[in-house]
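Chemist:
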């Protein structure tokens with residue numbers, strides 16, 4: 308059990324542990340080592356550092372074959388390996404994790420498969436709660452060797468993931484179970500030296516004192532200390548009056564918010580002021596890079612040979628194309644196949660794994676970073692601006708104190724604070740943020756969040772119905788997405804038609820003077836909008852917004868579509884890969900109309 312405070316080298320130690328197991332213990336990277344990571348970003352960081360070890364330190368490229376998975380990715384690939392015909396497309400992340408745990412408890416072949424792992428490493432163990440904690444315990448119990456766990460109890464901030472009806476331990480209970488199950492066989496190691504802040508005594512004292520309060524003192528006392536620390540920071544105003552000094556307008560600065568509602572409000576101000584930014588993605592979101600869909604959407608064969616791949620990669624221009632040799636290497640590593648790859652294998656790899664981790668960089672690295680505190684775990688930034696709620700429920704002192712501690716320990720150079728004032732009327736309904744206004748004693752929906760999982764119908768960018776059976780127009784749409792659309796391109800929705808009683812919208816993007824429809828929203832979004840309007844108005848909706856604007860493009864991505872969908876032209880169903888789009892923003896609802 309490696310307990311590591313902020314900036315003390317937890318990821319470095321994890322990488323060194325992998326290198327030791329491969330070089331000294333002679334473990335087979337591809338089959339005998341398993342690394343479970345809490346987030347896609349953390350898995351990507353581990354893969355990047357292993358790639359550096361191969362390129363710069365002379366390690367054999369077998370090091371790249373270590374299995375590094377997020378919990379839902381591991382759950383999916385584990386079940387597919389045991390039952391290739393299992394239907395998982397309708398299951399969300401949590402459901403896959405629960406199903407995999409049930410596989411282990413009920414199937415001898417599942418438990419036997421876990422015996423192959425001679426060493427299991429788990430990152431950020433303090434954040435394992437509920438279904439993830441139960442899956443981890445089942446994997447550790449049935450592994451064929453030992454384990455190394457990395458974490459910090461003072462940074463346990465994910466207890467909120469447990470729903471009211473979800474069973475399983477809290478983060479503290481999970482750690483207690485580890486010691487109870489394995490008794491004296493668990494050895495504690497402590498990493499104490501904070502390398503992140505260097506000689507910055509002020510930030511080092513914040514980290515040391517904050518961690519000591521959280522571990523040794525009552526929750527209220529720890530929370531009050533951290534609140535005082537936050538209050539002493541230099542203020543940059545509030546979310547109603549955002550002014551970003553010039554020296555903070557770079558990718559070295561992170562604005563860390565408590566909620567996604569604060570993020571959406573902050574992002575709108577940045578757009579109005581011309582401040583470039585990127586928003587950190589949710590923990591397990593795996594957007595497949597656009598170049599993959601661009602390369603493979605017109606692929607005519609079911610076989611992908613290395614030479615053909617490299618030739619295709621040499622054709623398109625632009626900074627979105629990674630180094631072809633590295634891209635092929637990562638594809639080989641993920642597929643665990645040399646020389647050539649079958650299209651069905653490529654599709655399964657893209658659906659199950661966070662492939663192409665080291666060849667792809669998140670958009671807009673030159674702009675400031677906006678993130679929730681939770682998504683900043685394991686990251687560090689030169690400067691940090693922290694946005695924290697003004698008041699906290701006494702029952703939440705421990706959890707909120709830990710959140711503040713994580714936010715206060717992400718900076719290498721300087722810390723600032725910002726008041727959350729300016730988010731009045733913004734609240735959460737289910738998995739989506741919305742904004743309401745009151746007029747004449749009645750409430751109405753004025754804004755709704757776009758950017759939740761499944762908001763865009765993935766087949767629509769190549770839909771024969773949407774483009775009136777015009778295959779050339781579909782090809783032009785794909786070219787437009789590749790050549791002209793970037794992170795931050797302005798977007799909006801326009802009402803298209805009704806499907807199963809809910810509204811479907813065109814996704815439109817402006818190209819000079821033209822307003823082009825590039826995709827459609829999904830029925831899932833339509834049902835969400837319908838339910839939210841019913842909740843706000845306390846009545847079944849008769850009208851829907853004809854336009855929802857104030858949105859922007861978060862990503863152009865590769866879609867993995869259904870090969871049997873006959874609304875997609877045959878040439879796109881050879882691989883079932885094409886370009887799609889993801890939106891973001893707290894959209895403004897305008898011009899309400901009856902849905903006919």
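Residue numbers (our numbering): 308 to 903. Idealized CB from N, CA, C, for every residue including glycine. Remember, predicted model here, so these are calculated numbers, not experimental data.
Give me the Cβ distance between residue 573 and residue 564, rounded to the nearest whole Å; I'm assuming they're in contact under 8 Å.
Modeler: 7 Å
Chemist: Pull up the distance between the alpha-carbon of residue 665 and that of residue 781, whole angstroms please.
Modeler: A caution first: residue 665 carries a pLDDT of 47, below 50, which makes its placement in the model too unreliable to give a value.
Chemist: Quick one: is residue 497 buried, meaning 16 or more other Cβ sit within 10 Å of its Cβ, or exposed?
Modeler: Flag for residue 497 reads exposed.
Chemist: In whole angstroms, what is the alpha-carbon distance linking residue 868 and residue 511?
Modeler: 49 Å
Chemist: Measure how close the beta-carbons of residue 429 and residue 475 come, nearest whole angstrom, since I'm counting them as under 8 Å.
Modeler: That pair is no contact at about 15 Å.
Chemist: Per DSSP, what are the beta-bridge partners of residue 564 in this structure?
Modeler: Its beta-bridge partners are 679.
Chemist: Can you give me the Cβ contacts of residue 858 inside the same chain, cut-off strictly under 8 Å, excluding the 5 residues immediately before and after it?
Modeler: 757, 797, 798, 799, 800, 890, 891, 892 and 894
Chemist: Do you know whose CA, among 688, 696 and 357, lies nearest residue 721's CA?
Modeler: Comparing Cα-Cα distances from residue 721 to each of 688, 696 and 357, the minimum goes to 688.
Chemist: Helix, strand or coil: how does DSSP classify residue 745 here?
Modeler: The DSSP-derived three-state label of residue 745 is strand.
Chemist: Given a cut-off of 8 Å, decide if residue 347 and residue 931 are closer than it, judged by their beta-carbon atoms.
Modeler: With the chain covering 308 to 903 only, the question about residue 931 has no answer from this structure.
Chemist: On the CB-based measure, 16 or more other CB atoms within 10 Å of its CB, does residue 542 come out buried or exposed?
Modeler: exposed
Chemist: Hey, how far is the Cα of residue 669 from the Cα of residue 863?
Modeler: At residue 669 the pLDDT is 43, less than 50, meaning the model places this residue with poor confidence; the figure from the coordinates comes in the next sentence. About 11 Å.
Chemist: Using a Cβ-Cβ cutoff of less than 7 Å, which residues in the same chain neighbour residue 571 once the five nearest sequence positions on both sides are dropped?
Modeler: Once the five neighbours on either side are set aside, the close Cβ partners of residue 571 are 740, 756, 892 and 893.
Chemist: Could you check which residue in 839, 647 and 861 has the C-alpha nearest to that of residue 851?
Modeler: The option with the nearest alpha carbon to residue 851 is 839.
Chemist: Starting from residue 896, trace the beta strand (DSSP E) both ways and give me its first and last residue.
Modeler: 884-901
Chemist: In whole angstroms, what separates the C-alpha of residue 614 from that of residue 635?
Modeler: Their Cα atoms are separated by approximately 10 Å.
Chemist: Which residues in the same chain have their Cβ closer than 8 Å to the Cβ of residue 898, if we skip the five residues on either side of it in sequence?
Modeler: Within the same chain, Cβ atoms closer than 8 Å to the Cβ of residue 898 are found at 852, 853 and 854, the five residues on either side in sequence being excluded.
Chemist: Please report the distance separating the alpha-carbon of residue 366 from that of residue 384.
Modeler: 27 Å
Chemist: Kindly list the residues whose CB is nearer than 6 Å to the CB of residue 882, restricted to its own chain and excluding five residues on each side of it in sequence; keep chain order.
Modeler: Excluding sequence neighbours, residue 882 sits near 603, 606 and 650.
Chemist: Contact between the region 714-733 and the region 527-537: three or more CB pairs below 8 Å?
Modeler: yes
Chemist: Based on the DSSP secondary-structure assignment, which residues constitute the bridge partners of residue 426?
Modeler: Paired residues: 340 and 453.
Chemist: Thinking C-alpha only, which one of 523, 736 and 390 is nearest residue 841?
Modeler: Answer by Cα proximity: 736.
Chemist: Is the region 765-780 in contact with the region 865-879, if contact means three or more CB pairs nearer than 8 Å?
Modeler: yes
Chemist: Who are the near neighbours of residue 784 in its chain, counting only those whose CB is closer than 8 Å to its CB and skipping five residues on each side?
Modeler: 768, 769, 774, 823 and 825
Chemist: What does a CB cutoff of less than 6 Å around residue 667 pick up in its chain, not counting 5 residues either side in sequence?
Modeler: With a pLDDT of only 45 at residue 667, under the threshold of 50, the placement of this residue in the model should not be trusted; the figure read from the coordinates follows. Once the five neighbours on either side are set aside, the close Cβ partners of residue 667 are 596.
Chemist: Using DSSP with H/G/I as helix, E/B as strand and the rest coil, what is residue 611?
Modeler: strand
Chemist: To which residues of the same chain is residue 874 closer than 8 Å at the C-beta, ignoring the five residues directly before and after it?
Modeler: The residues are 766, 770, 771 and 772.
Chemist: Using 8 Å as the threshold, is the C-beta distance between residue 836 and residue 810 below it?
Modeler: yes
Chemist: Can you tell me where the alpha helix (DSSP H) with residue 543 in it begins and where it stops?
Modeler: Premise fails: residue 543 lies in the beta strand (DSSP E), 541-545, not in any alpha helix (DSSP H).
Chemist: For a quick check, are the C-beta atoms of residue 452 and residue 425 less than 8 Å apart?
Modeler: Result yes, Cβ atoms of residue 452 and residue 425 sit closer than 8 Å.
Chemist: Is residue 721 helix, strand or coil by DSSP?
Modeler: strand
Chemist: Near residue 379, what residues of its chain come up, given a Cβ to Cβ distance below 7 Å and the 5 sequence neighbours on each side ignored?
Modeler: 400, 403, 404 and 591
Chemist: Work out the CA separation of residue 674 and residue 730 for me, nearest whole Å.
Modeler: In this model, residue 730 and residue 674 are separated by some 23 Å (Cα to Cα).
Chemist: Between which two residues does the alpha helix (DSSP H) containing residue 804 stretch?
Modeler: Looking at the DSSP string, residue 804 is not in any alpha helix (DSSP H); the run it does join, the beta strand (DSSP E), is 797-806.
Chemist: Count the other CB atoms, across all protein chains shown, that sit within 10 Å of the CB of residue 313; report buried if there are 16 or more and exposed otherwise.
Modeler: buried
Chemist: Drop a sphere of 10 angstroms on the beta-carbon of residue 419, count the other beta-carbons inside from all chains shown, and report buried for 16 or more, exposed for fewer.
Modeler: exposed
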